[in-house]
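To keep things clear, I will list the structure first and then write my remarks on it.
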């Protein structure tokens, strides 16, 4: 059966993920101008982001609206009005005034799950600390499939701050469920051996791994990592792990470039590399496709988890 | 009161006693131990073959009072001790205010006396306010009777300060107890740096953060000659360093808590805050190394690091919830069931690590029932199986990772200084139907 919540991809069966991708394809196909869906008609969805977000939050809000539902924002600034009330209490209050589902982002792993277990309505993660970001992984899969790629046997080389990446952790389950191979590349500080799941390769040398990738998946490096002294500087990171013009030549001829955004140009990928790709092979950069497809994947998730539960 | 314990099966390795014994108690002390004492003029408690051990000594507990009474009070913590078969506990100084001056220590002793359930030995703060900047008034604290010095969970990062504190503690003849953790490596961490913690996206406390400090303390001991005790070691690297230290003749004792002997990092799966502790539960190979070190005598003390927290605090999200688990009311049955019954530890070794050795480290009486010793003892119903239920704890802290475990080795009578403090789960002053002296005098059967 369908899960109640979508907080992690760890225990989501392949059939459910496939169902989401199929529904997303349906919505994308039918999303012509003026199209109207009534999947969530009369449903109130709380969008509660406790960490900054532009694309994920907008994408979720738009997804709800396109499905005919109402969004209600419940954010930390509003929460201060409920002084002395815990998040749990506020959530119960919102449920009793008619919220049918929560879309939640929070920095503390497990916090959302703890609350979700206490109530009956669906909770959908919009990214949870360094834990999981399930819709991001699903929209990545959707984007690759849309290119007509067979995920089975595909090799994804993932580069960057694996340690702090919730996207990487969701992909540990998503890619392997679809039979894709994963190679992780990062400096040791971002790639402790205990983090690497069974069946996944890892390396500290970008040059060694790039030639193997059908997809190069770049992860964002937060400026905060430099401030905390985890790496000497973003520049030094880029010197060893940034994708630049020279390293582009190491890639397979048609290898694709993905990034969950927002991109730090000059860190994860150099300006020249982007310019060259845009000029010569713009189809190899999937970053805008990922953003666009996020909408449909989130519509599909809402359809499956929220509409499916409606009496 | 004076009485005779008959029909017990005594294990007292310090007195080289293993087998049936009658124990005559007068004026709070053991007067005689013999297979048969003969006619006496005192009340008799018939034990029907139950096990008798010297009272357990827990050299690492947090009683929370003053300042943390929502989590525990001295009285509730001592009741938990009595319920768990502990007759003496050493309490850590991280209260509010900290135990860094005479008044605070005197206050703890006074409240412990009025609770009257267990011997309480305060550990003094090593640095003022546990701030890690300057030594506390160590001589002054020693005058008030502290049995050691420690900043426990606020480890002293400044190596020079630790060196000088060890030198001064040596003057006073008291041990320094070190919680080994280099915060510059582990700060912000909440779980072991293992597969499970990384998968959950939680910040980690790597094993090396403990091991580098163990190495520092061992070298400082060698340099100063101080009495050094390592609190709750948790890694195989620490065990390897202890092995090296033994070869070097470094004078150190070390303790292990029960939980890492029976649990690994997987216990935090599902963000279980009842398994959140510091040091964290680590890998199976760490668990094996600790067990091996305990069995082989590199680690000579089991202490619980009893760390009660209120329910609202432990119900927070994993990052925000405080570290620590309670231990006083589960330690003996855990060790009994998981180690003694399985032949991994003898009864004598159990008594040594839970009673005689910690008493020796603290330099306090106890650990034996030889004639003249205080009549501090615990009677164990070794065959009876029970289910751990936090709702039955006397501790205000219900934060145990062992809820629902089926165990044997339940303490059924705890005596301190000849006075019965716990009988069949009832604690004096806390429970109704406590056996009054009259019941003994009239010869009523207690078991």
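Residue numbers (my numbering), protein chains in the order written: chain A, 7 to 317; chain B, 754 to 1200.
Think of the CB as a built atom: it goes at the ideal place given N, C-alpha and C, for glycine as much as any other residue.
All of these numbers come straight from a predicted model, not from anything done at the bench.
CA-to-CA distance, residue 798(B) to residue 1198(B), given in whole angstroms:
7 angstroms
Give me, in chain order, the residues of the same chain whose beta-carbon lies closer than 7 angstroms to that of residue 1062(B); leave out the 5 immediate sequence neighbours on both sides.
824, 1075, 1077, 1150, 1152
Quickly, what does DSSP pair residue 284(A) with across the bridge? List them, please.
Residue 284(A) has no beta-bridge partner at all, per DSSP.
For residue 768(B), the three-state DSSP class (helix, strand or coil)
helix
Note down, in chain order, every chain A residue with its Cβ under 9 angstroms from the Cβ of residue 1072(B).
Per Cβ cutoff of 9 angstroms: 113, 114, 115, 116, 117, 135.
Since residue 915(B) is in the alpha helix (DSSP H), which residue starts that stretch and which ends it?
912 to 925
Quick one: is residue 295(A) buried, meaning 16 or more other Cβ sit within 10 Å of its Cβ, or exposed?
buried
In angstroms with no decimal places, state the Cα-to-Cα distance between residue 1187(B) and residue 136(A).
53 angstroms
Measure from the C-beta of residue 236(A) to each C-beta in chain B and report whether the shortest distance is under 8 angstroms.
no
Which ranges would you report for the beta strand (DSSP E) in the region 1063 to 1109 of chain B if only whole runs of at least 3 residues count?
none
I want to know whether the region 95 to 106 of chain A touches the region 171 to 183 of chain A - three or more CB-CB distances under 8 angstroms.
With the rule of 3 Cβ pairs closer than 8 angstroms, the region 95 to 106 of chain A does not count as touching the region 171 to 183 of chain A.
Cβ closer than 7 angstroms: which chain B residues qualify as neighbours of residue 201(A)?
951
Which first and last residues belong to the alpha helix (DSSP H) in which residue 893(B) is found?
891 to 896
With DSSP as the reference, label residue 38(A) as helix, strand or coil.
coil
Give every residue of the same chain whose Cβ lies closer than 6 angstroms to the Cβ of residue 759(B), excluding the five residues on either side of it in the sequence, and list them in chain order.
775, 797, 799
So with Cβ pairs under 8 angstroms, would you call residue 1076(B) a contact of chain A?
no
Span of the alpha helix (DSSP H) around residue 178(A):
172 to 183
Under 8 angstroms, Cβ to Cβ, is there at least one residue of chain B near residue 231(A)?
no
Closest to residue 819(B) by CA distance: which of 779(B), 827(B), 813(B) is it?
827(B)
Is residue 223(A) near residue 163(A), with beta carbons less than 8 angstroms apart?
yes
Going along the region 158 to 182 of chain A in order, which residues come within less than 7 angstroms of chain C, judged by CB to CB distance?
Going by chain labels, chain C is absent from the structure shown, which instead holds the protein chains A and B.
Just to confirm my understanding: we take residue 1110(B), look at its own chain, exclude 5 residues before and 5 after, and list those with CB closer than 8 angstroms. What are they?
1006, 1053, 1054, 1120
Suppose the cutoff is 8 angstroms on Cβ atoms and the five residues either side in sequence are ignored; what does the same chain contact list for residue 768(B) look like?
786, 1121, 1122, 1123
Give the interface partners of residue 947(B) over in chain A, defined as CB-CB distance under 9 angstroms, in chain order.
Near residue 947(B) (Cβ distances below 9 angstroms), the residues of chain A are 200.
Out of 982(B), 1017(B), 833(B), 968(B), point me to the one whose CA is closest to residue 991(B)'s CA.
Nearest of 982(B), 1017(B), 833(B), 968(B) to residue 991(B), Cα basis: 968(B).
Residue-level contact to chain A via CB, residue 885(B), 8 angstroms cutoff:
no
Can you give me the start and stop residues for the beta strand (DSSP E) that residue 844(B) sits inside?
839 to 844
In the DSSP assignment, what residue or residues form a beta bridge with residue 931(B)?
Residue 931(B) is bridged to 983(B).
Bridge partners for residue 1176(B) per DSSP, in chain order?
1166(B), 1179(B)
Candidates 938(B), 783(B), 1002(B): closest to residue 808(B) by CA position
783(B)
If you reduce the DSSP assignment to three classes, tell me which class residue 951(B) lands in.
helix
Helix, strand or coil, according to DSSP, for residue 1010(B) in the structure here?
coil
Which residue from 910(B), 925(B), 904(B) puts its Cα closest to that of residue 895(B)?
925(B)
Going by DSSP, what residue range makes up the beta strand (DSSP E) through residue 146(A)?
Where residue 146(A) is concerned, there is no enclosing beta strand (DSSP E), although the alpha helix (DSSP H) it sits in stretches over 140 to 152.
Within 8 angstroms (strictly less), CB to CB, does residue 226(A) reach chain B?
It does not; no Cβ of chain B falls within 8 angstroms.
Near-chain A residues of the region 951 to 970 of chain B (beta-carbon distance less than 9 angstroms), N- to C-terminal order:
951, 952, 953, 954, 955, 956, 957, 959
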